[in-house]
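Okay, so here's the structure we're looking at.
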Ligand SMILES: Cc1cc2nc3c(=O)[nH]c(=O)nc-3n(C[C@H](O)[C@H](O)[C@H](O)COP(=O)(O)O)c2cc1C
Ligand SMILES: Cc1cc2nc3c(=O)[nH]c(=O)nc-3n(C[C@H](O)[C@H](O)[C@H](O)COP(=O)(O)O)c2cc1C
C-alpha cells in the first residue's frame, strides 16, 4: 500500500463521557472519575487501538453548574504525566491557557511532559472560555476577546523561543571533559513586549519534539487567524459537512498566507457517535441518554452558549428566537453561532435544543450503525472537511470500546487508518516535522 | 515493641547525586539524567527501603554555571506525577515558589498530584533563592527577602483555603439522584489582600490528605518564623550537632507560640554520607570525589553563597576573610552564615573550603563506616537535633544503595526506623494529622 493519506484519531476524554448525562448512564464509571487508573486504562485502550493521542480540556475555574454534573477539573499536565508512565506511544495533549499562566512556568511544564514521555506532548492553546477564571487571578474581569488573542500571540512568540533556547546540541553532558553544556548554544530571549518581559533561557535542554505539538481550539475570526499562523492541529465543532468544509477551506487558505502548506495543519472536528447494530438501536441508545438529562443543568449550559437564561419557559415550546441576539454573545463566539444556526435551521423546542446540545456541547453527534459512522467519517475526510477527528464517546469507557471494536476495523479495511504505529512521537503520528530551534543555523522564524 | 519515636528518612534526589562532581564519578548515571525511568527506579529503591518520601528541589531559572555541572531543572510536580504511577507508598515532595507562581495554578498542580498519588504529595515551600528568576517573570529584580516572606504568608492563607474550599463531603457523585456536588459545602474565598485577589473555589474536590504536607526550607529569622507557623516538616542544613540543636530548640519553641506541639513539625537536616568498610576507605572515597571538582564551577557556587568572587586568588592560600562581610549576604542568609562559620572555625584554604562545600552545598557531609553513620544519626535524633534526615547521597544510584544496604539495617536493629509502612499517605508516614477544612464545622483557623 502506497502510504495513502491517513486519518488522525484522538480520544477526547471527559470524565464520564461527553454526553452531559453520561455519568448517570448504567454503563458509566462515575465512581472512578477521580481515580488516575481509570484514565490510565482509557489511554491504554486508545493506544491498543493505535490512536494518535488522548486529549484533555481545561479551565482554571469551577463551573457554576457543578451541582448536577461532573464539572470538576484535575490539572491535565500532571494527569498526563502519570498516564505517560504507563503508555509508550500514544500522544498526550493538554489544554492550557495563555491568559492565566506565565510563559516561563508553562514552558517548564510542557518541556517536562515532553521529556518524560519521550516526545508525546501536545498543547491545546486556549485563551480560556470561562469568564469566571478572572476572579481567581486578581483580574476585575475576563479580558476582552481581542485582547486575549493579542496576549496569546505574544505568548506564543515567547514560549516558542523558550523551548528553542537550548539548541539541540547544547547539551554535552560529558563527564570526562567536565563540560555539561555548551553555553554558547544556550540563548537568552531578552523579550520585552506589551504583555511580557522574559529573559530566559529555559532551565532544561531542548525536548524530544523540540516543541510540543501546537493545537488550537478557537473558531472566531481572531481564533482562525491565530490558528492559521501557529496551530499544527485544530480542534473544531461542526454540525454539518458544509460548515466543516467552509472552515477547512478557510483555514488552509489563511495558512498559505503564512507560507504554510495544507499538510502542516491537521483539522480535527469532534464526533460523538451513538453506535447500534441497527439505526433503530442506535437511536434508542441516544434516547436513553437524553432521558437522563437534567433540565436545570442543560439550561445553564445553554445560557453560557447563547447568553440568555430560558429557565421558566415551556420546555416543549419553541425557542424564543427574538431573545437571542448577537450582542449577547460573550466569550465563545463560535459556539454561539453554531447554536443560532441550529435554531434557525431546525426550529426546535427548547427541550429538543438542549437534547441536541447535550450530546457533546455542540459537537457533531451521530447515531447509526458502525458502517454509517465509518461512511460519514470517510465522507468528511475525503470531502475536504477533516484530516481526522476528535472522537468524543457519549460515555466512557464503553462508548470508546464500541467505536474501537466496530468502527476502527472498518476504517482500517478501507485503508484509512493505521494498523500500527510507525513513529514514537506525537509529531510522527501526525506527520509533522520537528521544528529546528530558531537560534540554530537553519533559522526559520516562528512568527 | 511499644511504637517508639521513629526516624523520618527522605531521599533528596539531585540528578547525578549531591556532590557537585558526582556526575563525573565512575559509578554515576550521568547519561540517564533526563530519563524519567532513572528517577522512577530511584523512587522504587527508596520505597523498597520504606523511606518516607523522595524530594526534589526547584527554581524557575537556569543557573549561570551550567557549563561545568548538571544544573538543569525538570519541573518537579510533573516528574513526581510520573513517579507516582510506578510506586504505591512513598511520599512525593516537590519544591515550588510562592514568589513566581499564582496560588490558583499551584493549588491545582498539588491537588492533582495528591489525588493521583492517593495522598502522597508534599510541598517544599520556598520563596526562591535564585535572584535571576525575576527576569523570567517580568520583574525588574528579585523582591527583597522580607517582602518575599510577606507574600509567602498571604500565599499560604490563600492556597490553604483553596485546598479547603470543597469540604470533604461536598462531593456526592450520585448518579441516581443526579447530584454531583453539594454546593452548600463548596466555598468561595473572596480573598482580597495586598498581593492577591482570589475568589475560588478550587475546581476539584478535596484531596486525600486535605492539603499536601507543608515543608519549608529557609532558615533566616523570617524563614524560621514562617516555618514555626506553617511548616509540618523543615529541611535544614547544619554542619555541627550544636548548630542543629540550637535550630531545633528555637523552632519548637516558636511553634509553641502558635499553639503547635513539638510533634507537629518534623525537623530534617540534610546528611551526605560517604560510606566505607573502614574510616580510611570512606575518606579515600570522599577524596576521589574531591579530585573531580572543577574550581571554575566551585568558585561560582561559593560566590552565590558569600557574595564575593574569589577567582584569581591562590586556591591553596587562606580565604580572604576581610572581603566577606554581612552586607554582601544576598538572598540566602542562612547559607551565608553557615559558610562564614566554617571559615571562622576552621580557617581553611580556598580549596579546602570549596571541597568542604562541594559535598552537598553546605549540608552535613560525613565520611565513615556504616556504624559511625548510624551512631551519628542516632546521636542527632536522640540529642534534640533532628526528627529525621534528608539523605543526600554523594552520587546516585550507588550512594543510596550503600546507605540502604548498610546503614538502614543498623537503624532498624536499634528500633529507630520502620520495618514496613503502616500507612499509605505521606501524612501517615510522618505521623501528622489530616487537617480538617477550615470551612467545616470543626473550624480550626489556619493562620
Ligand atoms: C474541541 C474544543 C475544545 C475546547 N477546549 C477548551 C478548553 O479546554 N478550555 C477552554 O478554555 N476553551 C476551550 N475551547 C474553546 C476555545 O478554545 C476558545 O477559548 C473559545 O472558543 C473562544 O475562542 P473563539 O471565540 O475563537 O472560538 C475548546 C474548543 C473546542 C472546539
Ligand atoms: C534542604 C534545602 C533545600 C532547599 N531547596 C530550595 C529549592 O529547591 N529552591 C529554592 O529556591 N530554595 C531552596 N532552599 C532555600 C530556601 O528555601 C530559601 O528560599 C532560602 O534559603 C532563603 O531563605 P532563608 O534566607 O530564610 O534561608 C533550600 C534550602 C534547604 C535547606
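Residue numbers (UniProt numbering), protein chains in the order written: chain A, 1 to 447; chain B, 1 to 447.
Ideal Cβ placement from N, Cα and C applies to all residues, glycine included.
By DSSP's assignment, residue 429/B forms no beta bridge with any residue. Distance from the Cα of residue 168/B is smallest, within the candidate group 206/B, 151/B, 159/B and 182/B, for 206/B. The beta carbon of residue 75/A sits closer than 8 Å to some beta carbon of chain B. Residue pairing of residue 198/B in beta bridges, as defined by DSSP: 191/B.
When C-beta distances to chain A are compared with 8 Å, the residues of the region 191-213 of chain B below that value are 196, 197, 198, 199, 200, 201, 202, 203, 204 and 205, in chain order. Annotation: residue 308/B is outside any alpha helix (DSSP H) and is labelled neither H nor E by DSSP. At a cut-off of 8 Å between beta-carbon atoms, residue 102/B makes contact with chain A. Residue 421/B and residue 202/B have their C-alpha atoms spaced approximately 32 Å apart.
For the region 132-160 of chain B, the set of residues with a beta-carbon nearer than 7 Å to any beta-carbon of chain A comprises 135, 136, 137 and 138, in chain order.
A distance below 6 Å between beta-carbons, with the five flanking residues on each side excluded, links residue 319/B to the following residues of its chain, in chain order: 343, 350 and 353. Distances between the C-beta of residue 127/B and the heavy atoms of ligand 2 include at least one below 7 Å. If you compare the alpha carbons of 159/A, 345/A and 369/A with that of residue 276/A, the shortest gap goes to 369/A. Bounds of the beta strand (DSSP E) holding residue 54/B are 53-56.
Taking 8 Å as the upper bound for CB-CB distance, residue 126/B and residue 101/B are not in contact here, some 11 Å apart. The shortest C-alpha to C-alpha distance from residue 189/A to any of 161/A, 171/A and 166/A is the one to 161/A. One thing to note: residue 30/B has its Cβ no nearer than 8 Å to the Cβ of residue 90/B.
Per DSSP, the beta bridge partners of residue 97/B are 126/B.
The Cβ neighbour count for residue 256/B, taken over all protein chains shown within 10 Å, is under 16; the residue is labelled exposed. Residues of chain A whose Cβ lies closer than 9 Å to the Cβ of residue 126/B do not exist, since the nearest Cβ in that chain is about 15 Å away. For residue 239/B, the three-state secondary structure derived from DSSP is coil. Nearest neighbour of residue 294/B by Cα position, chosen from 92/B, 139/B, 359/B and 133/B, turns out to be 359/B. Secondary structure remark: continuous alpha helix (DSSP H) runs of at least 4 residues inside the region 143-171 of chain A, in chain order: 145-164.
In the structure shown, residue 374/A adopts helical secondary structure according to DSSP, grouped into three states.
As a beta-bridge residue in DSSP terms, residue 273/A pairs with 366/A. Within the same chain, and ignoring the five residues on either side of residue 313/A in sequence, the residues whose Cβ sits closer than 7 Å to its Cβ are 320 and 350.
In terms of CA proximity to residue 364/A, 240/A leads the group 431/A, 372/A, 374/A and 240/A.
A Cβ-Cβ contact shorter than 8 Å links residue 249/A with residue 384/A. Comparing alpha carbon positions, the residue from 62/B, 13/B and 182/B closest to residue 36/B is 13/B. DSSP places residue 216/A within a strand segment (E or B) once states are collapsed to three.
Residue 136/B places its beta carbon 8 Å or farther from that of residue 300/B. A Cβ-Cβ contact shorter than 8 Å links residue 271/B with residue 391/B. As a beta-bridge residue in DSSP terms, residue 174/A pairs with 179/A. In the DSSP secondary-structure assignment, residue 397/A is bridged to 28/A. Listed along the chain, the chain A residues whose CB falls inside 7 Å of the CB of residue 178/B are 24, 68 and 294. Rounded to whole angstroms, residue 286/A and residue 22/A show a C-alpha spacing of 11 Å.
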